[in-house]
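Residue numbers (the numbering used here), protein chains in the order written: chain D, 128 to 488; chain E, 1082 to 1335. A quick write-up on the structure given underneath.
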């Protein structure tokens, strides 16, 4: 076991001096965080809407004032045709057309909502929101109390920003890349250069060598993830609501899955080119299919069954539920099961494929 | 009693071309090397020299026969054998980003020893390169460093695989001196080489291998007396290289 610690220390020393590796493992996630952090910087932008004041009455003016006071909306008042064009161009989310007969009584005409139907999902979310706001404003203007006063209390502080959705995905991606790179790619290079042979003329046992790699990679992964998480929390104000211990467990399990898959790849591939191809074959589809950048639910139906069983999908969803939604592992049994199955597959394949003697040959 | 003993060693590899069948890389090699000897293994490429060394070192499985180093059975206790031998390999690449002293410290710790890297570097005249990376060394310096890393456990037997291949005459002579110095401390040395001059200069005894078998063994002088062709009119040849060519033929080996 002593030799395992010696090797772990050595790998950590090598990594700490390997500025290129550190740069490239952090470059990708940091770039994405920077881009999407700026886009969704600070709090949520108010929704840009247009209002056509068809009534031009004191009542409609009062309504528009109330609308402007609502922080959800950024109101532009104008002509119907101009505003409609702006909806088409995507500058406005929707246009509210107040009819000539816009009065606080039963004789009033309908209020029309002009939307871009192509954004159907947004419209579906929009309609209740607009109706509710209109109702609130109507009540205020007419001076009546709602029948069932409703106070909304935010219990979980779940955020809807894209960056909050993205961060756990990027962390999972980083875990995958550090782990596969550290086991698969490195083993092939060490073997090719004769470094493994050089090591195995000393009395080190292969299992100590492997344990050393695993220990070092776990430490590196935790440090890198902690760094990215710190950037997310302090610079991008991403809320981390979950349990830190469970987060750590997820990082370790995810790392162990990809380390063992990396050892499998390193056993199969004999050359640097082969391991690169094999690595891309395994990582690229997962980057796009595992819900890192967009949710698996929004993917084409044919891809979803495959996407849902990929190892990275389980790591992403586990991290996302813990970090953003504050769910405990006990509340996400399917994910935990998926991770356990992949860990079992990875470990048994690695043990089967990895030949100790060939490490040095 | 022999410190390195091999009894009918055999190594088979699966046939690289067709399916089935085996390529016999080492075919019944027996050796008995006494403590304090410098023993050379000569042979054309592909003769099985390196494979023989790797079996003695416990790096490659022994498919047939047996080997003992200082009485320890290599097949049964390869790790015990590794504790008492030093190995200088043909490949000279190491982990990136580690300096010579980092590497020597690493190898020492894998033997559970706390050596002073500077002391080891001094023995191979590399003390001014302690903070250099191996990639920055010249060919001769790389070979000397390789020997330094084989010395971390004060080995009783030092195995060297073509230590002077690719070195210029100065670096070669310098390395010979180093080897002679180590041998003078009582260290047994087993080396492979293509260089006949080297074998003549360093080795007390040599074995010539071809096609996985030892085809001649003895002191360089005896081998010359036995196998060197009759000198022609002017005595221009009659050295160990002639012995080698007489025994293994002139056909080119890949």
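No residue lacks a Cβ here, since even glycine has one placed at the ideal position from N, Cα and C.
Candidates D:458, D:419, D:388 and D:442, of which the one nearest residue 480 (chain D) by Cα | Closest option to residue 480 (chain D), Cα to Cα, is D:388.
Between the C-alpha atoms of residue 1248 (chain E) and residue 1156 (chain E), what's the straight-line distance to the nearest angstrom?
-> If you take the alpha carbons of residue 1248 (chain E) and residue 1156 (chain E), they lie about 34 angstroms apart.
Return yes when the C-beta of residue 134 (chain D) is under 7 angstroms from any heavy atom of the ligand GDP, and no when it is not.
-> In the structure shown, the ligand GDP is absent, as is every other ligand, since no ligand is present at all.
Using the beta-carbon of each residue, which ones in chain E are nearer than 9 angstroms to residue 394 (chain D)?
-> Close partners of residue 394 (chain D) in chain E (Cβ separation under 9 angstroms) are lacking, with about 17 angstroms as the shortest Cβ gap.
Pull up the CB-CB distance for residue 365 (chain D) and residue 357 (chain D), whole angstroms please, since I reckon it's below 8 angstroms.
-> Residue 365 (chain D) to residue 357 (chain D), Cβ: 10 angstroms. No contact.
So what does DSSP say about residue 1139 (chain E), is it helix, strand or coil?
-> The three-state reading of DSSP puts residue 1139 (chain E) in coil, since its state is none of H, G, I, E or B.
What do you reckon, are the CB atoms on residue 1095 (chain E) and residue 1103 (chain E) nearer than 8 angstroms?
-> Taking C-beta atoms as the reference points, residue 1095 (chain E) and residue 1103 (chain E) count as a pair closer than 8 angstroms.
Completely contained alpha helix (DSSP H) runs for the segment 1241-1269 of chain E, where each covers 4 or more residues = DSSP runs (the alpha helix (DSSP H)) wholly in the segment 1241-1269 of chain E: 1250-1265.
Going straight from the alpha carbon of residue 1143 (chain E) to that of residue 1091 (chain E), what length do you get?
-> One C-alpha to the other measures close to 7 angstroms.
Residue 1082 (chain E): which of E:1116, E:1240 and E:1300 sits nearest, CA to CA?
-> Checked all of E:1116, E:1240 and E:1300; the closest Cα to residue 1082 (chain E) is E:1116.
So, is the C-beta of residue 387 (chain D) closer than 8 angstroms to a C-beta in chain E?
-> No, residue 387 (chain D) does not count as interfacial toward chain E.
Beta-carbon proximity of residue 446 (chain D) to residue 384 (chain D), cut-off 8 angstroms | No, Cβ-Cβ distance for residue 446 (chain D) and residue 384 (chain D) is not below 8 angstroms.
Using a Cβ cut-off of 7 angstroms, pull out every chain E residue sitting near residue 322 (chain D), in sequence order please.
-> For residue 322 (chain D), the residues of chain E that pass the 7 angstroms Cβ criterion are 1174, 1175 and 1176, in the order they occur in the chain.
Using a C-beta cutoff of 8 angstroms, does residue 334 (chain D) count as contacting chain E?
-> When Cβ-Cβ separations below 8 angstroms define contact, residue 334 (chain D) makes no contact with chain E.
Should residue 1190 (chain E) be flagged as near chain D, meaning a C-beta pair shorter than 8 angstroms?
-> Taking Cβ atoms only, chain D reaches closer than 8 angstroms to residue 1190 (chain E), which makes this a yes.
Residue-level contact to chain D via CB, residue 1239 (chain E), 8 angstroms cutoff = No, because no Cβ of chain D sits closer than 8 angstroms to the Cβ of residue 1239 (chain E).
Pick from E:1181, E:1085 and E:1206: whose alpha carbon is nearest that of residue 1258 (chain E)?
-> The candidate whose alpha carbon is nearest that of residue 1258 (chain E) is E:1206.
By DSSP, does residue 418 (chain D) sit in helix, in strand, or in coil?
-> Reduced to three states, the DSSP call for residue 418 (chain D) is coil.
Close Cβ partners of residue 236 (chain D) (< 6 angstroms) along its chain, the five nearest in sequence each way excluded | So the list reads 226 and 228, once near-sequence residues are dropped.
Beta-bridge partners of residue 1144 (chain E), as assigned by DSSP | Per the DSSP secondary-structure output, residue 1144 (chain E) pairs with nothing in a beta bridge.
Around the C-beta of residue 1186 (chain E), are 16 or more other C-beta atoms found within 10 angstroms, so that it is buried, or is it exposed?
-> Classification of residue 1186 (chain E): buried, given that the 10 Å Cβ count is 16 or more.
Taking 8 angstroms as the CB-CB cut-off, is residue 328 (chain D) touching chain E?
-> For residue 328 (chain D), the closest Cβ of chain E is nearer than 8 angstroms.
Which runs of the beta strand (DSSP E), 3 residues or longer, sit entirely within the segment 140-190 of chain D?
-> Complete beta strand (DSSP E) runs here, min 3: 174-180.
Where do the N-terminal and C-terminal ends of the alpha helix (DSSP H) with residue 1175 (chain E) fall, by residue?
-> Annotation: residue 1175 (chain E) is outside any alpha helix (DSSP H) and is labelled neither H nor E by DSSP.
Of all the options D:386, D:312 and D:323, which has the alpha carbon lying nearest to the alpha carbon of residue 341 (chain D)?
-> Checked all of D:386, D:312 and D:323; the closest Cα to residue 341 (chain D) is D:386.
Using only alpha-carbon positions, find the residue among E:1266, E:1233 and E:1293 that is nearest to residue 1119 (chain E).
-> It is E:1266 whose Cα lies nearest to the Cα of residue 1119 (chain E).
Own chain residues within Cβ distance below 8 angstroms of residue 217 (chain D), not counting five before or after | If we look at residue 217 (chain D) and ignore the five residues flanking it on each side, its Cβ neighbours are 243.
Are the C-beta atoms of residue 1097 (chain E) and some chain D residue less than 8 angstroms apart?
-> Judged by the 8 angstroms Cβ criterion, residue 1097 (chain E) is not in contact with chain D.
contact_flag[the segment 1233-1245 of chain E, the segment 1166-1179 of chain E] where n(CB pairs < 8 angstroms) is 3 or more = Taking one beta carbon from each stretch, the segment 1233-1245 of chain E and the segment 1166-1179 of chain E have 3 or more pairs nearer than 8 angstroms; the two touch.
In the DSSP assignment, find the beta strand (DSSP E) that holds residue 1290 (chain E) and state where it starts and stops.
-> It spans 1286-1291 - the beta strand (DSSP E) in which residue 1290 (chain E) sits, taken as one unbroken run.
Does residue 346 (chain D) have its Cβ less than 8 angstroms from a Cβ in chain E?
-> Not one chain E Cβ lies under 8 angstroms of residue 346 (chain D).
Count the C-beta pairs between the segment 341-356 of chain D and the segment 417-432 of chain D that are closer than 8 angstroms, then say yes if the count reaches three, no if not.
-> No, they do not touch.
Can you find at least 3 beta carbon pairs, one from the segment 1121-1129 of chain E and one from the segment 1273-1283 of chain E, that sit closer than 8 angstroms?
-> With a cut-off of 8 angstroms, the segment 1273-1283 of chain E and the segment 1121-1129 of chain E count as touching, because enough Cβ pairs lie within range.
Should residue 397 (chain D) go down as buried or exposed, given a rule of 16 or more other Cβ atoms within 10 Å for buried?
-> With fewer than 16 other CB atoms across the displayed protein chains lying within 10 angstroms of its CB, residue 397 (chain D) is exposed.
Should the segment 310-320 of chain D be called in touch with the segment 400-407 of chain D, which here means at least 3 C-beta pairs below 8 angstroms?
-> With a cut-off of 8 angstroms, the segment 400-407 of chain D and the segment 310-320 of chain D count as touching, because enough Cβ pairs lie within range.
Just the Cα atoms here: how many angstroms apart are residue 131 (chain D) and residue 1237 (chain E)?
-> Going by the C-alpha atoms only, they are around 26 angstroms apart.
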